[in-house]
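Visitor: Sharing a structure, written as structure tokens. Questions coming.
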Amino acid sequence: MASSSNVEPNDQHSADDKISISIKGQDGRELFYQVRRYTQLIKVMRSYCDRRQLQFETIRFIYRGKRLRPTQTPTSARLKDGAQIDAMRHQEGGGWNHHHIFQFHQPN
């Protein structure tokens with residue numbers, strides 16, 4: 001079920017500066033937002049996490065393969081009207097640790 005929300009900053013930009021974006025979770029559900037081009041994305045990110053009952057620190061927001069930073073704005077992130085952002089749970093690990101494979105022993 002899709003829903004929408006307006007996220008508005010306390011600045012002097014005109015209503016023409018708003019764009020529509022969506023955030024899609026790993027479960028396929030989308031939330032839709034209208035946000036001004038100069039509003040920091042942290043407002044939308046926190047709203048998404050609150051509405052989906054997720055911990056903000058555990059979610060990564062990805063647009064076109066790149067992670068979005070909370071301090072970015074739609075303009076600095078080059079988001080277009082209608083942009084879809086993916087919300088992914090942060091996962092650690094998966095790296096290769098060569099220390100477990102190559103063990104060097106000193107001869108006695």
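The numbering of the sequence shown is the UniProt record's numbering, which starts it at 1 and goes up by one.
A virtual CB, placed ideally from N, CA and C, is assigned to each residue, including glycine.
Which runs of the beta strand (DSSP E), 3 residues or longer, sit entirely within the stretch 47-100?
Guide: You should have 59-63 and 83-89.
Visitor: Determine the direct distance from the alpha carbon of ASP81 to that of ILE62, and round the result to whole angstroms.
Guide: Taking the first residue of the sequence shown as 1, we reach residue 62 at position 62. Taking the first residue of the sequence shown as 1, we reach residue 81 at position 81. Taking the straight line from one Cα to the other gives about 16 Å.
Visitor: Could you check the C-alpha separation between THR73 and ARG37 for me, to the nearest Å?
Guide: Along the sequence shown, read from residue 1 onward, the residue named residue 73 stands at position 73. Along the sequence shown, read from residue 1 onward, the residue named residue 37 stands at position 37. Each residue's alpha carbon lies about 6 Å from the other.
Visitor: Is ARG37 helix, strand or coil when you go by DSSP?
Guide: Reading the sequence shown from its first residue, position 37 is the one you call residue 37. Coil at ARG37, not helix or strand.
Visitor: Assuming HIS90 and ILE59 form a contact by the criterion Cβ under 8 Å, report the distance between their Cβ atoms to the nearest whole angstrom.
Guide: Along the sequence shown, read from residue 1 onward, the residue named residue 90 stands at position 90. Along the sequence shown, read from residue 1 onward, the residue named residue 59 stands at position 59. Between ILE59 and HIS90 the Cβ distance is about 7 Å, and since that is below 8 Å, they are a contact.
Visitor: Taking the alpha-carbon positions, what's the LYS66 to SER22 distance?
Guide: For this step, residue 66 is matched to residue 66 along the sequence shown. For this step, residue 22 is matched to residue 22 along the sequence shown. Each residue's alpha carbon lies about 16 Å from the other.
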